[in-house]
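The numbering of the sequence shown is this note's numbering, which starts it at 847 and goes up by one.
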Amino acid sequence: MIEVAKRASLEAGEITLARRFANHSVKRKGTVDNIATEVDKASEARILKVLKSEFPNHNYLSEETGGEDNGSDYWWVIDPIDGTGPYFSGMPTFGISIGLLRNGKPQLGVIYFPALKSIYWSVEGKGAFKNDQPIKVNAKSALRDIMVGYDLGWMGERAKEVNNLVLPLVDKVRYTPILGCTVAGLSYVAEGVYGGYIHWAYPWDFAAGAAIIEEAGGKVTNAKGKPINWLADDMLVVASNGKVHDKILSLIKT
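Put into structure tokens, the structure is as follows:
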């Protein structure tokens, strides 16, 4: 399964690179900051084509086309371009995210950054990797020694989000960077660059990253410290190296 998922991400990545600097047709999805391009749809179509050719009876949940429940225990959860804003602006921090859940538990994850030629992946029980090299979360336990990344989603009031999630942390941690790409923040946690990451988002934003972080030795929960409901509409997800998880949860407001 992992090789099929990696192949799907690589083929979709070629589509995103080929059209990266084209004049894109942009669709606003509800608010000025939630955008999609025709490349999102083309990338998603290629991913679904590859996966469905191998796993036609599995379930699928994808950002652009929604859900397809075929009664399987397996759900493929897909974001064809995470970081559409950076992609649309010509930045390299955009990624393709493909996660697989079985009975609500992450089984594998693939995150591919086409412009950076970096692919992160994991399989349950077999570890996490970046370009086939093993990765681990960092072992830092003091908030002052870590960076905790976050992103401002298009949902809700941004000023309120900053007040509740960022301000309680900003004087406690080393730095609070923002990237505009959820899967980049999650990948940084998995490889030990960040000690934590916080974001309001949808299942397709987090499914692959959660699988990779957990296999790298980290932890991913909701804001109450409970397991994620991956088929929820949206959620506040907290990812960390595990050692600072409770400290982060104790500071943020929900």
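Every residue, glycine too, gets a C-beta built ideally from N, C-alpha and C.
- In the three-state scheme derived from DSSP, where H, G and I count as helix and E and B as strand, Glu1037 is classed as coil.
- Scanning its chain for C-beta atoms nearer than 7 Å, with the 5 sequence neighbours on each side dropped, one finds around Gly859 the residues Ile942, Tyr958 and Pro960, in chain order.
- Per DSSP, the unbroken beta strand (DSSP E) holding Thr1067 starts and ends at Lys1065 to Asn1068.
- DSSP places Gly945 within a strand segment (E or B) once states are collapsed to three.
- Around the beta carbon of Arg892, 16 or more other beta carbons lie within 10 angstroms, which makes this residue buried.
- The beta-bridge partner set that DSSP reports for Asp925 consists of Ser943.
- By the C-beta density criterion, Ser935 is exposed, having fewer than 16 other C-beta atoms within 10 angstroms.
- Along the length of the segment 987 to 1031, whole alpha helix (DSSP H) runs at least 4 residues long occupy 1004 to 1007 and 1013 to 1016, reported in chain order.
- For Leu1095, the enclosing alpha helix (DSSP H) starts and ends at His1091 to Leu1097.
- Counted as a single uninterrupted DSSP element, the stretch harbouring Trp1076 is not any beta strand (DSSP E), since DSSP gives it neither H nor E.
- Between the C-alpha atoms of Lys1072 and Ser1086 there is a straight-line separation of about 14 Å.
- Look at Ala891 here: in three-state DSSP terms it is helix.
- Scanning Val896, Val885, Val1066 and Ala1062 for the CA closest to the CA of Ala1053 turns up Val1066.
- The three-state secondary structure of Glu970, taken from DSSP, is coil.
- Three or more pairs of CB atoms, one per stretch, sit closer than 8 Å, so the segment 907 to 916 contacts the segment 1041 to 1057.
- C-alpha of Asn903 to C-alpha of Gly1041: approximately 38 Å in a straight line.
- Within the DSSP secondary-structure output, Ser964 pairs in a beta bridge with Phe959.
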